[in-house]
Amino acid sequence: MNKIVSKKQLSDNVFQMEVEAALIANERKAGQFIILMIDEALGERIPLTIADADPARGTITLIFQTVGATTLKLSKLNVGDALAAVLGPLGRPTSIRGANGEPAGHVVCVGGGIGVAPMHPIAQALKAAGNKVTIIMGARNKSLFVMEDEMRAIAGDDLILITDDGSSGRKGLVTEPLKELCEAGAVDEVIAIGPPIMMKFVALTTKPYGVKTVASLNTIMIDGTGMCGGCRVSVGGATKFVCVDGPEFDAHQVDWDQMLKRMGAFRPQEAAAKDHVCNLYKGI
Amino acid sequence: MTPKERMAIAPQAMPEQDAQVRAHNMNEVALGYTAEMAKTEASRCLQCPTKPCMQGCPVAIDIPGFLAAAAEGDFATALKIIRKTSLLPAVCGRVCPQEKQCQKFCTMGKVLKDVDKAVAIGRVERFCADLARESGTEEPVTCAPKTGRKVAVIGSGPASITCAADCAKAGHDVTMFEAFHKCGGVLVYGIPEFRLPKSIVRHEVEGLKKLGVTIETNYCVGRTRKVADLIRKDGFDAVFVGTGAGLPKFMDIPGENLNGVFSANEYLTRANLMKAYLEGEADTPFWHGKKVAVLGGGNVAMDASRMALRLGAEKVYLIYRRSLEEMPARKEEVHHAKEEGVDFHLLENAKRILGDDKGFVNGLECLRYELGAPDASGRRSPVPIAGSEFTLDVDTVVVAVGNASNPLIPATTEGLEVNRRGNIVVDPETNMTSIPGVFAGGDIVLGAATVILAMGEGRRAAAGINAYLMKDRS
Ligand SMILES: Cc1cc2nc3c(=O)[nH]c(=O)nc-3n(C[C@H](O)[C@H](O)[C@H](O)COP(=O)(O)OP(=O)(O)OC[C@H]3O[C@@H](n4cnc5c(N)ncnc54)[C@H](O)[C@@H]3O)c2cc1C
Ligand SMILES: Cc1cc2nc3c(=O)[nH]c(=O)nc-3n(C[C@H](O)[C@H](O)[C@H](O)COP(=O)(O)OP(=O)(O)OC[C@H]3O[C@@H](n4cnc5c(N)ncnc54)[C@H](O)[C@@H]3O)c2cc1C
Ligand code: SF4
Ligand code: SF4
Ligand code: FES
Numbered sequence: 029m030n031k032i033v034s035k036k037q038l039s040d041n042v043f044q045m046e047v048e049a050a051l052i053a054n055e056r057k058a059g060q061f062i063i064l065m066i067d068e069a070l071g072e073r074i075p076l077t078i079a080d081a082d083p084a085r086g087t088i089t090l091i092f093q094t095v096g097a098t099t100l101k102l103s104k105l106n107v108g109d110a111l112a113a114v115l116g117p118l119g120r121p122t123s124i125r126g127a128n129g130e131p132a133g134h135v136v137c138v139g140g141g142i143g144v145a146p147m148h149p150i151a152q153a154l155k156a157a158g159n160k161v162t163i164i165m166g167a168r169n170k171s172l173f174v175m176e177d178e179m180r181a182i183a184g185d186d187l188i189l190i191t192d193d194g195s196s197g198r199k200g201l202v203t204e205p206l207k208e209l210c211e212a213g214a215v216d217e218v219i220a221i222g223p224p225i226m227m228k229f230v231a232l233t234t235k236p237y238g239v240k241t242v243a244s245l246n247t248i249m250i251d252g253t254g255m256c257g258g259c260r261v262s263v264g265g266a267t268k269f270v271c272v273d274g275p276e277f278d279a280h281q282v283d284w285d286q287m288l289k290r291m292g293a294f295r296p297q298e299a300a301a302k303d304h305v306c307n308l309y310k311g312i
Numbered sequence: 189m190t191p192k193e194r195m196a197i198a199p200q201a202m203p204e205q206d207a208q209v210r211a212h213n214m215n216e217v218a219l220g221y222t223a224e225m226a227k228t229e230a231s232r233c234l235q236c237p238t239k240p241c242m243q244g245c246p247v248a249i250d251i252p253g254f255l256a257a258a259a260e261g262d263f264a265t266a267l268k269i270i271r272k273t274s275l276l277p278a279v280c281g282r283v284c285p286q287e288k289q290c291q292k293f294c295t296m297g298k299v300l301k302d303v304d305k306a307v308a309i310g311r312v313e314r315f316c317a318d319l320a321r322e323s324g325t326e327e328p329v330t331c332a333p334k335t336g337r338k339v340a341v342i343g344s345g346p347a348s349i350t351c352a353a354d355c356a357k358a359g360h361d362v363t364m365f366e367a368f369h370k371c372g373g374v375l376v377y378g379i380p381e382f383r384l385p386k387s388i389v390r391h392e393v394e395g396l397k398k399l400g401v402t403i404e405t406n407y408c409v410g411r412t413r414k415v416a417d418l419i420r421k422d423g424f425d426a427v428f429v430g431t432g433a434g435l436p437k438f439m440d441i442p443g444e445n446l447n448g449v450f451s452a453n454e455y456l457t458r459a460n461l462m463k464a465y466l467e468g469e470a471d472t473p474f475w476h477g478k479k480v481a482v483l484g485g486g487n488v489a490m491d492a493s494r495m496a497l498r499l500g501a502e503k504v505y506l507i508y509r510r511s512l513e514e515m516p517a518r519k520e521e522v523h524h525a526k527e528e529g530v531d532f533h534l535l536e537n538a539k540r541i542l543g544d545d546k547g548f549v550n551g552l553e554c555l556r557y558e559l560g561a562p563d564a565s566g567r568r569s570p571v572p573i574a575g576s577e578f579t580l581d582v583d584t585v586v587v588a589v590g591n592a593s594n595p596l597i598p599a600t601t602e603g604l605e606v607n608r609r610g611n612i613v614v615d616p617e618t619n620m621t622s623i624p625g626v627f628a629g630g631d632i633v634l635g636a637a638t639v640i641l642a643m644g645e646g647r648r649a650a651a652g653i654n655a656y657l658m659k660d661r662s
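Line order of the protein sequences matches chains X and V.
Per the working numbering, the first sequence starts with residue 29, numbered consecutively.
Per the working numbering, the second sequence starts with residue 189, numbered consecutively.
Set out below in structure tokens:
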């Protein structure tokens with residue numbers, strides 16, 4: 029059992045929770061995730077990135093968007109409640125430029141929507157390893173931005189906000205400032221986390237410039253230990269398991285169209301489950 | 189009774205749920221003998237002085253010994269004899285491939301020229317274990333005085349359950365670490381309820397707790413903690429790695445990443461462990477396959493195809509590239525699958541999975557095969573017939589062509605020797621790995637094998653651990 033020690037609503041449908049998980053807090057590195065269950069008897073296993081951790085207090089921070097049944101149920105839990113299971117840290121840690129043998133340089137982090145949360149520990153680590161870090165944060169509108177202050181603390185003036193409707197920062201898509209930066213020629217690496225469609229277009233944007241681009245994939249998962257193959261994607265023509273071989277891959281090698289299709293495999297069932305849970309909370 | 193009289197006793201058929209009914213429920217198919225049937229079946233044993241059946245049992249249960257007691261109706265003594273070498277008789281009695289093991293060598297089967305007419309050793313074994321469990325008359329197990337030594341057991345499948353029990357009985361402090369939220373390994377996520385009720389696995393896990401074993405679920409060794417840290421930081425004196433062969437193999441054919449293609453592991457895990465079949469109650473979604481093709485011919489393929497029927501499929505094809513003779517699955521499962529309506533496509537193999545523009549499966553292109561000369565394994569090798577392609581109309585494909593060993597622990601444990609196939613290399617006497625104090629057993633050592641072999645490995649490793657810990661002490 030993992031107790032929830034704090035909870036904050038960051039926007040309409042985005043929540044932040046701090047959860048007790050001492051061993052994970054100690055072991056985790058930027059880019060890793062956990063799998064949680066709210067209920068062990070009939071619950072679902074869902075992956076969430078470790079947005080932050082406090083080894084001294086033995087807690088990890090999760091930031092999630094309510095998109096379906098399980099995230100909705102999670103958002104209804106409160107401080108003092110406990111999660112039935114938290115497994116982690118899973119996945120390979122991010123390979124941080126400047127600390128992995130490659131010389132530090134200019135890294136552009138592109139976070140779309142809730143993808144900004146998992147980007148936070150990565151951006152922190154990149155900064156700590158001596159890189160110049162530019163952060164592009166994109167969202168549909170202003171109310172969907174999360175962790176703006178935390179990201180500004182890392183990137184300072186190199187934080188670029190961009191919204192679909194222009195309600196904050198520039199109006200447009202994250203690929204526009206990214207293209208300008210690549211054009212200017214001073215980008216060594218790009219890391220993208222966000223909706224798969226955004227990551228696909230980030231990859232297409234950087235490809236002509238030959239800029240190394242890494243994307244953190246968020247496929248459907250069950251075990252998270254390489255046992256089921258449900259999370260598989262094609263990368264450079266080979267099948268990879270996101271939970272153990274990833275979650276980060278060379279974005280230019282990922283078969284994005286296939287991944288986008290695979291993420292819709294259970295859409296009708298998920299929609300029905302969400303309606304069911306929504307109605308429960310409405311008391312119908 | 190004279191041998192002649194024993195031979196005149198009819199083999200006792202196993203009472204079963206009706207095929208048409210059971211194909212639509214999750215309840216156990218084989219209902220089990222009554223005491224009378226168990227006694228009668230046990231009386232068929234000829235008490236052969238050379239005990240040929242024993243050489244077929246991987247853990248060498250004293251089969252004539254326990255059958256003699258059972259024939260007298262003394263099932264408690266029978267169980268005591270079984271338990272001397274087997275820790276999981278209720279499980280093995282159900283899932284051992286008996287026709288290839290104990291019953292293969294049985295004189296009765298030889299005389300009657302039909303392995304199916306051998307003494308039903310597994311069924312009597314199962315009865316003895318079920319009776320004691322259901323009536324609460326299992327003998328309490330006692331542990332040796334505490335040794336003060338700590339043993340970490342990784343995984344909770346049959347190898348680990350056995351190793352943990354034996355180490356606890358020897359007086360060591362045992363902690364079991366399991367990545368999933370439930371214990372039992374393949375026994376809970378792979379083998380379905382209709383073949384092995386989960387209450388039996390739960391009972392065995394409860395038994396471990398009674399022996400004082402601490403169980404840590406949701407703990408992935410290699411990630412949550414490395415093997416080296418269990419020893420260095422957490423003070424474990426020995427570690428047993430029983431992490432199984434949980435890495436699904438795919439066929440590497442076009443279309444395998446379409447929606448509606450699953451590894452058997454995923455398909456069965458959703459249904460068994462995550463209870464997806466309880467639609468409306470369980471949160472994990474399941475796939476509503478109407479026309480399902482299962483690729484493979486082992487127990488896993490049988491389980492997946494029979495599960496598909498129970499999840500509402502109208503048509504289930506089992507595609508296997510050799511013939512019935514070569515099928516590795518337990519004979520009884522093949523028989524049950526046929527009875528339930530699984531459509532066997534033998535000497536055929538998948539060539540390509542077809543999909544629609546949204547990425548969903550809508551067909552399977554197959555190729556017909558014929559049997560050629562025997563290959564290295566002694567089995568006649570399947571040879572494709574050129575130009576024999578044809579297409580099956582399916583919306584779901586379950587790939588059940590085997591499992592390789594899970595690389596997570598070897599990849600995160602420096603100095604752990606593995607072979608070409610990724611299996612951990614151990615000393616055959618003690619099951620110790622290349623790292624002193626680290627032992628391994630079960631599918632991670634053998635490659636995908638059987639429950640009874642995994643159990644035997646767990647037992648051998650526990651003996652190895654004891655010797656290691658006690659030598660170390662003096
Ligand atoms: C490695 C990894 C890290 C992740 N980190 C985070 C995180 O830090 N914060 C966070 O909010 N989410 C994260 N996700 C996504 C998160 O796991 C899903 O949102 C969650 O599983 C949805 O569960 P649900 O039952 O609420 O919704 P479901 O009913 O499963 O899905 C509802 C809708 O959301 C879509 N959906 C399902 N899964 C995803 C997904 N993985 N990404 C985007 N849309 C999806 C479905 O197609 C469906 O339309 C991560 C996923 C992975 C694989
Ligand atoms: C569908 C199916 C049907 C089968 N049918 C039969 C049958 O009829 N008869 C028969 O004899 N055999 C059968 N088998 C084979 C048999 O189940 C296996 O040989 C046996 O379970 C192996 O036991 P094990 O203890 O080595 O590992 P497993 O049972 O595989 O258990 C390993 C456990 O370790 C856990 N684990 C893995 N990595 C880690 C980690 N890093 N940290 C913590 N925990 C970890 C896993 O989650 C799992 O619970 C079947 C197998 C399958 C898949
Ligand atoms: S454990 Fe298996 S092989 Fe041994 S006697 Fe029992 S059923 Fe036969
Ligand atoms: S071989 Fe068959 S008949 Fe002979 S002792 Fe064994 S079980 Fe009995
Ligand atoms: S989630 Fe099962 S293999 Fe990745």
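Where a beta carbon is used, it is the ideal one built from N, C-alpha and C, also for glycine.
Model, not experiment: these values are computed from the prediction.
Check: Please give me, in chain order, every unbroken run of the alpha helix (DSSP H) with length at least 4 that falls completely inside the stretch 481-546 of chain V.; Outcome: 487-498 and 519-528
Check: Under 8 Å between the Cβ atoms of Lys235 (chain X) and His280 (chain X)?; Outcome: yes
Check: Nearest chain X C-beta to Pro380 (chain V) closer than 8 Å, yes or no?; Outcome: no
Check: Counting only Cβ pairs nearer than 9 Å, list the residues of chain V close to Glu204 (chain X).; Outcome: Going along chain V, no residue has its Cβ under 9 Å from Glu204 (chain X), so there is no contact; the nearest lies around 29 Å.
Check: Does Gly274 (chain X) come within less than 8 Å of chain V when only Cβ atoms are used?; Outcome: no
Check: So, does the stretch 521-528 of chain V touch the stretch 287-300 of chain V, judging by three or more C-beta pairs under 8 Å?; Outcome: no
Check: Taking 8 Å as the threshold (beta carbon to beta carbon), is Cys271 (chain X) in contact with chain V?; Outcome: no
Check: Could you tell me whether any Cβ in chain X is nearer than 8 Å to the Cβ of Pro473 (chain V)?; Outcome: yes
Check: Determine the direct distance from the alpha carbon of Asn619 (chain V) to that of Leu657 (chain V), and round the result to whole angstroms.; Outcome: 14 Å
Check: How far does the beta strand (DSSP E) with Tyr557 (chain V) in it extend, from its first residue to its last?; Outcome: Val549 to Pro562
Check: With a cut-off of 8 Å, does the C-beta of Lys397 (chain V) fall near any C-beta of chain X?; Outcome: no
Check: Is there a Cβ from chain X that is less than 8 Å from the Cβ of Ser451 (chain V)?; Outcome: yes
Check: In terms of DSSP beta bridges, what is Glu404 (chain V) paired with?; Outcome: V:Phe365
Check: Take the Cβ of Lys199 (chain X) as the centre, count every other Cβ of all protein chains shown within 10 Å, and call the residue buried at 16 or more, exposed below.; Outcome: exposed
Check: What residues in its chain sit with their C-beta under 8 Å from that of Lys268 (chain X), if we drop five residues either side in the sequence?; Outcome: Arg260, Val261, Ser262, Gly274 and Phe277
Check: Does Thr457 (chain V) come within less than 8 Å of chain X when only Cβ atoms are used?; Outcome: yes
Check: Would you mind working out which of V:Glu313, V:Glu381 and V:Lys305 sits nearest Arg194 (chain V), comparing C-alpha positions?; Outcome: V:Lys305
Check: Compare the Cα-Cα distances from Asp471 (chain V) to each of V:Gly477, V:Met462, V:Lys479 and V:Lys478 and report the closest residue.; Outcome: V:Met462
Check: Look up Met255 (chain X) in the DSSP assignment and say whether it is helix, strand or coil.; Outcome: coil
Check: Are there 16 or more other CB atoms within 10 angstroms of the CB of Phe578 (chain V), so buried, or fewer, so exposed?; Outcome: exposed
Check: Does at least one heavy atom of ligand 6 sit under 7 Å from the Cβ of Arg295 (chain X)?; Outcome: No copy of ligand 6 occurs in the structure displayed; its ligands are ligand 1, ligand 2, ligand 3, ligand 4 and ligand 5 alone.
Check: Roughly how many angstroms separate the alpha carbons of Gln200 (chain V) and Gly310 (chain V), rounded to a whole number?; Outcome: 12 Å
Check: Under 8 Å between C-beta atoms, does Glu677 (chain V) make it to chain X?; Outcome: With chain V covering only 189 through 662, there is no way to say anything about residue 677 (chain V).
Check: I want to see whether chain X comes within less than 8 Å of Glu454 (chain V), judged by CB atoms only; does it?; Outcome: yes
Check: Is Tyr129 (chain V) near ligand 2 - that is, is its Cβ less than 7 Å away from at least one heavy atom of it?; Outcome: Nothing about residue 129 (chain V) can be read from this structure; chain V reaches only from 189 to 662.
Check: Look at Cys306 (chain X) and Leu100 (chain X) and say whether their C-beta atoms are less than 8 Å apart.; Outcome: yes
Check: Can you tell me which residues form a DSSP beta bridge with Glu287 (chain V)?; Outcome: Note: Glu287 (chain V) sits in no beta bridge, so no partner.
Check: Mind pulling the chain X residues with CB within less than 9 Å of Phe424 (chain V)?; Outcome: Those within 9 Å of Phe424 (chain V) in chain X number zero; the least Cβ separation is about 15 Å.
Check: Note down, in chain order, every chain X residue with its Cβ under 8 Å from the Cβ of Leu466 (chain V).; Outcome: Leu70
Check: Can you find a C-beta in chain V that's less than 8 Å from the C-beta of Gln152 (chain X)?; Outcome: no
Check: Does the distance between the C-beta of Phe368 (chain V) and the nearest non-hydrogen atom of ligand 2 fall short of 7 Å?; Outcome: yes
Check: In chain order, what residues of the stretch 358-382 of chain V put their CB closer than 9 Å to some CB of chain X?; Outcome: Ala367, Phe368, His369, Lys370 and Tyr377
Check: How about Gly126 (chain X) and Ile221 (chain X): do their beta carbons lie closer than 8 Å?; Outcome: no
Check: Pull up the distance between the alpha-carbon of Val393 (chain V) and that of Ile349 (chain V), whole angstroms please.; Outcome: 7 Å
Check: Output, in chain order, the set of chain X residues within a Cβ distance shorter than 9 Å of Thr584 (chain V).; Outcome: Correct list: empty, because the minimum Cβ distance to chain X is about 11 Å.
Check: Just checking: is the beta-carbon of Gly594 (chain V) within a distance shorter than 8 Å of some beta-carbon in chain X?; Outcome: First, the residue type needs correcting, since residue 594 (chain V) is Asn and not Gly in the sequence shown. Answer yes: the Cβ-Cβ gap between Asn594 (chain V) and chain X drops below 8 Å somewhere.
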